[in-house]
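Comments concern the structure below.
Numbering (our numbering), first residue to last: 61 to 321.
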């Protein structure tokens with residue numbers, strides 16, 4: 061069974077929550093045929109940077125595209141969603157950070173796409189690339205072939221070289237509001253038929269500190285570990301929370317605001 065955060069990963073721009081400015085700018089660029097060839101997605105972990113990079117890749121390579129509404133059913137969309145596309149390459153710069161790795165990107169990036177319109181490179185944890193690796197990429201970022209798009213994802217924008225930042229269109233991803241995270245957890249719980257009160261979900265949302273992925277992983281863990289309905293106490297036990305009274309007050313406040321708004 062797929063993990064909840066994978067099962068409910070956004071597949072279209074419309075499904076992305078909490079990054080309205082980023083989505084609006086990207087969809088406007090696609091609609092106007094003005095897509096940049098180097099993007100820098102910066103923000104806390106679990107806020108949707110890689111998911112949005114994949115959606116961008118689908119929009120560019122969808123059989124119906126380029127389009128802001130990829131159909132999700134064509135070969136290109138299915139391959140990108142499954143991580144098997146020959147034209148959308150994801151790399152973890154934390155482990156593939158050296159000059160040799162980047163030279164391979166540089167050499168392969170010059171080749172035409174195998175199946176789609178664009179070859180898209182998504183580099184997670186891009187701030188961990190070495191300076192030598194970045195310098196080897198600079199020329200390609202500045203003067204890419206028409207078919208090549210880079211999306212660099214980072215949790216630490218300050219560690220990305222200024223010479224790189226100046227060559228990319230940068231988007232800063234925001235942590236979701238607690239109420240938005242709570243709504244998403246409720247949606248998933250209802251679809252999965254997980255019985256859990258709002259107070260317990262609010263505790264999960266608070267502990268995630270703005271990470272959709274962490275919140276959904278915690279809900280997944282609770283559902284697997286709890287035979288009956290998930291209770292506030294079971295959440296507290298899992299999270300190891302000691303400041304129960306303060307958290308209860310916070311959760312009641314979140315729920316009251318959500319109901320009022």
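Yeah, the Cβ is synthetic: ideal placement off N, Cα and C, and Gly gets one too.
{"Check": "Return the bridge partner residues of residue 283 from the DSSP annotation.", "Outcome": "In DSSP, residue 283 forms no bridge with anything."}
{"Check": "Take residue 324 and list the residues in its own chain whose beta-carbon comes closer than 6 Å to its own, dropping the five residues that flank it on each side.", "Outcome": "The structure shown does not extend to residue 324, since the chain spans only 61 to 321, so no value can be given for it."}
{"Check": "Check this for me: beta carbons of residue 213 and residue 182, under 8 Å apart or not?", "Outcome": "yes"}
{"Check": "With DSSP as the reference, label residue 170 as helix, strand or coil.", "Outcome": "coil"}
{"Check": "Can you list, in chain order, the stretches of the alpha helix (DSSP H) that have 4 or more residues and sit fully within the segment 73-132?", "Outcome": "80-91, 109-121"}
{"Check": "To the nearest angstrom, report how far apart residue 94 and residue 179 are at their CA atoms.", "Outcome": "16 Å"}
{"Check": "For residue 151, list the residues DSSP reports as bridge partners.", "Outcome": "183"}
{"Check": "For residue 176, I'd like the list of residues in its chain whose CB is within less than 6 Å of its CB, leaving aside the five on either flank, ordered along the chain.", "Outcome": "121, 136, 147"}
{"Check": "Are residue 65 and residue 252 touching if we call contact CB-CB under 8 Å?", "Outcome": "no"}
{"Check": "So which of 222, 297, 215 has the shortest CA-CA distance to residue 101?", "Outcome": "215"}
{"Check": "Taking DSSP's pairing of strands, which residues face residue 215 in a bridge?", "Outcome": "Residue 215 is not bridged to any residue."}
{"Check": "In the DSSP assignment, the alpha helix (DSSP H) including residue 239 goes from what residue to what residue?", "Outcome": "238-251"}
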